[in-house]
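Visitor: Numbering (numbering that gives the first Met the number 0), first residue to last: 0 to 106.
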Amino acid sequence: MRRRIARSAVAALAAFALACTWVKLNEGGQAVRVAKQGEAASCEAKGRTHAQTTDRVVIFARRDPPIQLELESLARNEAALMGGDTIVPAGPIESGRQTFEVYRCAK
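1. Within its chain, find whatever has a CB closer than 7 angstroms to the CB of P88; leave out the 5 residues flanking it on each side and keep chain order.
2. Which residue spans inside the stretch 59-105 form an unbroken alpha helix (DSSP H) run of at least 4?
3. Please list, in chain order, all residues of the same chain as L70 whose beta carbon is under 7 angstroms from its beta carbon, the five residues on each side excluded.
4. To which residues of the same chain is N76 closer than 6 angstroms at the C-beta, ignoring the five residues directly before and after it?
5. Quick one: is A108 buried, meaning 16 or more other Cβ sit within 10 Å of its Cβ, or exposed?
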């Protein structure tokens, strides 16, 4: 009986951890928007940033939505430090990593 309760508790904790995001936007990152390819064509390119987060918790694979939110938050925070106000994903998420183009669109 105790083992069953312990296993249930571990499973519940793992499910909770898989659904959570741990990256928070800083003040500068809150001013950076995520755009789609082509939406930043008239903006000044500031460079690229690479974001990485964990895609597994112990042996469990995390779902894509929390991973995507974390990667975007990391990239937005970094873009603000680079003087950018817009990021555009430069490719797909691969093993918890993604590259973003950083732009300055506000005049």
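Where is the CB? At the ideal position from N, CA and C, for every residue including glycine.
None of the values given here were measured: they were computed from a predicted structure.
Guide: Short version:
1. Setting aside the 5 residues that flank it on each side, P88 is surrounded in the same chain by Q97 and F99, each with a C-beta closer than 7 angstroms to its C-beta; the list follows chain order.
2. 63-80
3. A50, T52, I92 and Q97
4. Around N76: N25 and G28.
5. The chain is shown from 0 up to 106; residue 108 falls before or after that span and cannot be answered.
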